[in-house]
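Engineer: The sequence shown maps to residues 1 to 504 in UniProt numbering. Glycine included, each C-beta is placed from N, C-alpha and C at the ideal position. Note that the structure is a prediction, hence the values are computed from the model and not measured. One structure coming up, written as C-alpha cells, with questions to follow.
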Amino acid sequence: MSRLKRVLIVLGSVVTVVALAVGGLFTWWWTGADVSTVGKEPFGNALSIPPLAKSYVDKDGTRVFDLRMQAGETEFEKGRATPTWGFNGSYLGPTLRAERGEKVRVRIGNGLDEASTVHWHGMHLPARMDGGPHQMIAPGATWSPRWTVDQPAATLWYHPHPHGATEQHVRRGLAGMFLLDDEKSERLDLPERYGVDDLPVIVQDVRFDGARFAEGHGTMQDVGFLGDRTMVNGTLSPYREVRDELIRLRLLNASTARTYDFGFPDGRAFSLIATDGGLLERPAAMDRVQLSPGERAEIVVRLRAGERVVLRSFPQDNYGDAWQRRFAGGDDSFDVLELRAAERLRPSPELPSVLAESETPDGKDAVRGRHFDLKRSGINGRAMEMSRVDETVTRGTTEVWTVRNGNGMPHNFHVHDVQFRVMEVNGAAPPPGLRGPKDTVFLPNGTTMKLALRFDGPADPDTPYMYHCHLLFHEDQAMMGQFVVVEKGQRPGAPSDHARREHH
Ligand SMILES: [Cu+2]
Numbered sequence: 001m002s003r004l005k006r007v008l009i010v011l012g013s014v015v016t017v018v019a020l021a022v023g024g025l026f027t028w029w030w031t032g033a034d035v036s037t038v039g040k041e042p043f044g045n046a047l048s049i050p051p052l053a054k055s056y057v058d059k060d061g062t063r064v065f066d067l068r069m070q071a072g073e074t075e076f077e078k079g080r081a082t083p084t085w086g087f088n089g090s091y092l093g094p095t096l097r098a099e100r101g102e103k104v105r106v107r108i109g110n111g112l113d114e115a116s117t118v119h120w121h122g123m124h125l126p127a128r129m130d131g132g133p134h135q136m137i138a139p140g141a142t143w144s145p146r147w148t149v150d151q152p153a154a155t156l157w158y159h160p161h162p163h164g165a166t167e168q169h170v171r172r173g174l175a176g177m178f179l180l181d182d183e184k185s186e187r188l189d190l191p192e193r194y195g196v197d198d199l200p201v202i203v204q205d206v207r208f209d210g211a212r213f214a215e216g217h218g219t220m221q222d223v224g225f226l227g228d229r230t231m232v233n234g235t236l237s238p239y240r241e242v243r244d245e246l247i248r249l250r251l252l253n254a255s256t257a258r259t260y261d262f263g264f265p266d267g268r269a270f271s272l273i274a275t276d277g278g279l280l281e282r283p284a285a286m287d288r289v290q291l292s293p294g295e296r297a298e299i300v301v302r303l304r305a306g307e308r309v310v311l312r313s314f315p316q317d318n319y320g321d322a323w324q325r326r327f328a329g330g331d332d333s334f335d336v337l338e339l340r341a342a343e344r345l346r347p348s349p350e351l352p353s354v355l356a357e358s359e360t361p362d363g364k365d366a367v368r369g370r371h372f373d374l375k376r377s378g379i380n381g382r383a384m385e386m387s388r389v390d391e392t393v394t395r396g397t398t399e400v401w402t403v404r405n406g407n408g409m410p411h412n413f414h415v416h417d418v419q420f421r422v423m424e425v426n427g428a429a430p431p432p433g434l435r436g437p438k439d440t441v442f443l444p445n446g447t448t449m450k451l452a453l454r455f456d457g458p459a460d461p462d463t464p465y466m467y468h469c470h471l472l473f474h475e476d477q478a479m480m481g482q483f484v485v486v487e488k489g490q491r492p493g494a495p496s497d498h499a500r501r502e503h504h
C-alpha cells in the first residue's frame with residue numbers, strides 16, 4: 001500500500017469517527033433537551049394555600065391592606081434553606097380580596113435593600129397607582145396607592161415591575177393573587193370557598209443549584225429562564241385533599257418565561273369559567289387550557305369519590321418550530337398538582353349555564369387602529385425608553401390593536417389598565433379559551449391577533465401605562481412600550497427618564 005493510500009484510509013476513518021461522534025452528541029443533546037416530570041413526582045407535600053390578606057376599613061370607607069416586601073429563607077425541601085423574597089413572609093404573598101365598588105388602599109413597605117415596584121396586573125386604575133417602572137419604591141420607603149375597584153369579578157395578581165429587574169424580583173418570590181368579587185358573581189352557584197373548593201394555583205417553574213435558586217438561562221433558551229420542575233403556591237410536588245365534587249382552580253402562570261398547556265392525563269373535560277379579566281358569558285367545555293406568563297384561567301373540574309387526579313402540563317404543538325419546541329420549552333411536560341378526592345364527596349350544584357354579561361368592547365365603535373410588531377429587540381423597532389411616550393390614546397374611546405409576532409420565537413403581549421377582547425387570531429374567530437376578558441395573550445411565532453380595547457381613563461398625560469412582552473427576560477431587555485391616556489385634543493406630557501423615588 002502506498003503511503004498516500006494509508007494516510008487517506010487513516011484520514012477517512014478519523015473523519016467517520018468524528019462524524020459519528022458529532023452525530024451521537026447531537027442526538028444525545030437533542031433527545032436530552034426536553035424536560036419532563038411526568039410520572040416522576042411523588043406528590044409528598046401538602047399544597048400551601050396563601051392566606052387571605054388581613055384588611056380593615058378606615059373612616060372614609062376605604063379597605064386598607066398592608067404589604068411588606070422582605071428577604072428571607074424558604075425550605076422548599078426539608079433541611080435546605082433557599083434565600084427568597086416575599087410579601088409579609090419569605091415567599092409569595094397573601095391573597096388580597098376586594099369587591100367591585102370598594103375603595104382600596106395598599107400600604108407597601110419596601111424592606112429589601114434594593115428599589116422595586118408593585119404592579120396590579122389586570123387592574124383598571126389610574127396610571128399613577130399602576131405600580132409600573134415609574135412608581136419605584138426605594139429601600140425603607142412606603143408607597144400607598146389607592147383606587148376604586150371598577151371592574152368585574154376576576155383573578156388578578158400583583159408583582160414587581162422595576163425596569164430591567166422584573167425577572168429577578170418575581171423569580172425570587174414576589175407575587176401574589178388579587179381576587180375581585182362583584183354582586184352578580186356572588187349570587188352565582190360556583191365553588192367559592194377559598195382553599196376548600198376554590199383553590200388558588202400559582203404555577204412557577206424552578207431549578208435548584210444546591211440550596212439556591214439557579215438563575216442561568218440554558219443554551220438556546222432565548223425565551224429566558226426555564227426551570228426543570230414546577231411548584232404550586234411555593235410547594236414542590238404538591239397534593240391537595242378535596243371533599244367536593246366540583247373543584248374550581250384559579251390557575252395563574254407566575255413563571256417568568258414558561259408557557260403551560262394544562263389538562264388531565266385521562267383527557268377529562270373541564271369547564272373554563274373565567275379568563276384573565278373575569279367570567280365568560282357561559283362555561284366552555286375544554287380539555288386543555290394554554291397559559292403563557294401572566295395569564296390566568298379559572299377552571300372547574302369534576303371529581304369522583306376516592307380518585308387521585310393530576311393536573312398536568314402537556315407538550316405544545318403550536319409553540320413554534322421543532323427547534324423552539326425542543327430547546328425553548330414547547331416539548332416539556334410537568335405533573336403539576338395532585339388532587340386527592342375524599343372517599344365521600346359533598347355534592348356540588350350544576351354550574352350555571354350563564355355566568356356574566358361581557359363588558360369588553362366588540363371593536364365596532366373603534367376610532368382608530370394601531371399596529372404592534374413584536375421583536376425581542378423592541379416593539380415596532382424601538383427599545384423601551386422611560387422618557388418616550390410611544391402611543392397616545394383618547395379617554396373614552398375604543399381602538400383596535402393588531403399585534404404580530406414574526407420574530408421566530410414565542411412572545412406574549414400584556415396591556416396595562418384594560419381588559420380587552422380578542423377579535424381575531426390569524427384572521428379567524430378566537431378559540432373558546434380566548435373569548436373572555438383578557439389582558440395578556442400568547443403569540444407564538446407567525447401569529448397575528450386583533451384586539452379591541454376601550455380606554456376609560458382617567459386621563460394623565462404625564463404618567464404612562466405599559467404594554468410589553470410578559471416573558472420577563474424580554475421585558476427586562478426593553479421589549480416594552482408606553483402609552484398615555486389623554487383628554488380629547490390634549491398632548492402627551494413628558495414622563496421622567498428615571499424612575500421617581502417614592503418616600504414616606
Ligand atoms: Cu417576548
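Here's the rule: buried if 16 or more other CB atoms are within 10 angstroms of the residue's CB, otherwise exposed. What is E192?
Structural biologist: For the purposes of this step, residue 192 is taken as residue 192 along the sequence shown, with counting starting at 1. Exposed: under 16 other Cβ atoms inside 10 Å.
Engineer: With a threshold of 7 Å (Cβ to nearest heavy atom), would H371 be considered close to ligand 1?
Structural biologist: On the sequence shown, position 371 is the one that residue 371 refers to. False, no ligand heavy atom lies under 7 Å from that Cβ.
Engineer: Quick one: give me the first and last residue of the beta strand (DSSP E) that I450 is part of.
Structural biologist: Sequence index remark: in the sequence shown, residue 450 carries index 450 (1-based). Just to set this straight, residue 450 is Lys in the shown sequence, not Ile. Its beta strand (DSSP E) spans residues T447 to F455.
Engineer: Mapping DSSP to helix, strand and coil, what is K364?
Structural biologist: Stepping through the sequence shown from its first residue, residue 364 is reached at position 364. Of the three classes helix, strand and coil, the one that applies to K364 here is coil, per DSSP.
Engineer: What is the rounded straight-line gap between the Cα of T82 and the Cα of K438?
Structural biologist: Taking the first residue of the sequence shown as position 1, residue 82 is located at position 82. Taking the first residue of the sequence shown as position 1, residue 438 is located at position 438. Whole-angstrom Cα-Cα distance: 34 Å.
Engineer: Any heavy atom of ligand 1 within a distance shorter than 7 Å of the CB on M466?
Structural biologist: Residue mapping note: residue 466 aligns to position 466 of the sequence shown, counting from 1. Checking the Cβ of M466 against ligand 1 gives no.
Engineer: Out of Q477, V484 and G489, which one is the CA nearest neighbour of E167?
Structural biologist: Residue numbering aside, residue 167 sits at position 167 when the sequence shown is read from its first letter. Minimum Cα distance to E167 is reached at Q477.
Engineer: Are the CB atoms of R395 and F455 within a distance shorter than 8 Å?
Structural biologist: Walking along the sequence shown from the start, residue 455 turns up at place 455. Walking along the sequence shown from the start, residue 395 turns up at place 395. Yes, these two residues count as a Cβ contact at 8 Å.
Engineer: Kindly examine ligand 1 and report whether one of its heavy atoms sits closer than 7 Å to the Cβ of L471.
Structural biologist: Taking the sequence shown and counting its residues from 1, the one referred to as residue 471 is at position 471. Yes.
Engineer: Going by DSSP, what residue range makes up the alpha helix (DSSP H) through Q168?
Structural biologist: Walking along the sequence shown from the start, residue 168 turns up at place 168. Note, Q168: alpha helix (DSSP H), T166 to R171.
Engineer: Would D197 be called buried (16 or more neighbouring beta carbons within 10 Å of its own) or exposed?
Structural biologist: Residue 197 sits at position 197 when you count from the first residue of the sequence shown. D197 should be labelled buried.
Engineer: Would you say the beta carbon of R404 is closer than 7 Å to some non-hydrogen atom of ligand 1?
Structural biologist: In the sequence shown, residue 404 corresponds to position 404, counting from 1. No.
Engineer: Between H504 and the rest of its own chain, which residues show a CB-CB distance below 8 Å, the 5 nearest in sequence each way excluded?
Structural biologist: Taking the first residue of the sequence shown as position 1, residue 504 is located at position 504. With a pLDDT of 37 at H504, under the threshold of 50, the modelled position of that residue is not reliable, and the figure given next carries that caveat. The residues are A141 and T142.
Engineer: Let's see if you can read the secondary structure: which residues bound the beta strand (DSSP E) around D182?
Structural biologist: Taking the sequence shown and counting its residues from 1, the one referred to as residue 182 is at position 182. That residue, D182, is in no beta strand (DSSP E); it is neither H nor E in DSSP.
Engineer: Go ahead and pull the three-state DSSP assignment for P83.
Structural biologist: The residue you call residue 83 lines up with position 83 of the sequence shown. The answer is strand: DSSP assigns P83 an E or B state.
Engineer: When you compare the segment 130-141 with the segment 47-55, are there three or more beta-carbon pairs, one atom per stretch, that lie closer than 8 Å?
Structural biologist: Taking 8 Å as the limit for Cβ pairs, the verdict is that the segment 47-55 does not touch the segment 130-141.
Engineer: Which two residues bound the contiguous beta strand (DSSP E) that contains E391?
Structural biologist: Translated into positions along the sequence shown, residue 391 becomes position 391. Counting along the chain, the beta strand (DSSP E) containing E391 begins and ends at E391 to T394.
Engineer: Once DSSP output is grouped into helix, strand and coil, what is the label at H474?
Structural biologist: For the purposes of this step, residue 474 is taken as the residue at position 474 of the sequence shown. Helix at H474.
Engineer: DSSP three-state call for V15: helix, strand or coil?
Structural biologist: Taking the sequence shown and counting its residues from 1, one reaches residue 15 at position 15. In the structure shown, V15 sits in a helix (DSSP, three-state: H, G or I).
Engineer: Tell me the rounded alpha-carbon separation between R6 and N412.
Structural biologist: Along the sequence shown, one-based indexing puts residue 6 at 6. Along the sequence shown, one-based indexing puts residue 412 at 412. Looking at the two C-alpha atoms, the distance is approximately 59 Å.
Engineer: Give the DSSP-derived three-state secondary structure of L339 in the structure shown.
Structural biologist: For the purposes of this step, residue 339 is taken as residue 339 along the sequence shown, with counting starting at 1. Reduced to three states, the DSSP call for L339 is strand.
Engineer: DSSP three-state call for A115: helix, strand or coil?
Structural biologist: To locate residue 115, count along the sequence shown from 1; it is residue 115. Here A115 sits in coil by DSSP.
Engineer: So is the beta-carbon of R376 under 7 Å away from any non-hydrogen atom of ligand 1?
Structural biologist: As a position in the sequence shown, residue 376 is number 376, starting the count at 1. The answer is yes for R376.
Engineer: Nearest-angstrom Cα distance between E241 and E343?
Structural biologist: Stepping through the sequence shown from its first residue, residue 241 is reached at position 241. Stepping through the sequence shown from its first residue, residue 343 is reached at position 343. Computed Cα separation, rounded: 11 Å.
Engineer: Under the rule that 16 or more other beta-carbon atoms within 10 Å means buried, what is G363, buried or exposed?
Structural biologist: Mapped onto the sequence shown, residue 363 falls at position 363. Burial call: buried.
Engineer: Ends of the alpha helix (DSSP H) at A322?
Structural biologist: Here residue 322 is taken as the residue at index 322 of the sequence shown, counted from 1. Per DSSP, A322 belongs to the alpha helix (DSSP H) from A322 to F327.
Engineer: With G224 and L472 assumed to form a contact (beta carbons below 8 Å), what rounded beta-carbon distance in angstroms separates them?
Structural biologist: As a working mapping, residue 224 is identified with position 224 in the sequence shown. As a working mapping, residue 472 is identified with position 472 in the sequence shown. Indeed they touch by this definition, with Cβ atoms about 6 Å apart.
Engineer: Let's test the definition: count the other Cβ atoms within 10 Å of the Cβ of V14 and tell me whether it reaches 16, buried, or not, exposed.
Structural biologist: What you label residue 14 is simply residue 14 of the sequence shown in a count that begins at 1. So V14 counts as exposed.
Engineer: Quick one: grab the DSSP three-state call for G433.
Structural biologist: For the purposes of this step, residue 433 is identified with residue 433 of the sequence shown, where counting begins at 1. Looking at G433 - three-state DSSP - the assignment turns out to be helix.
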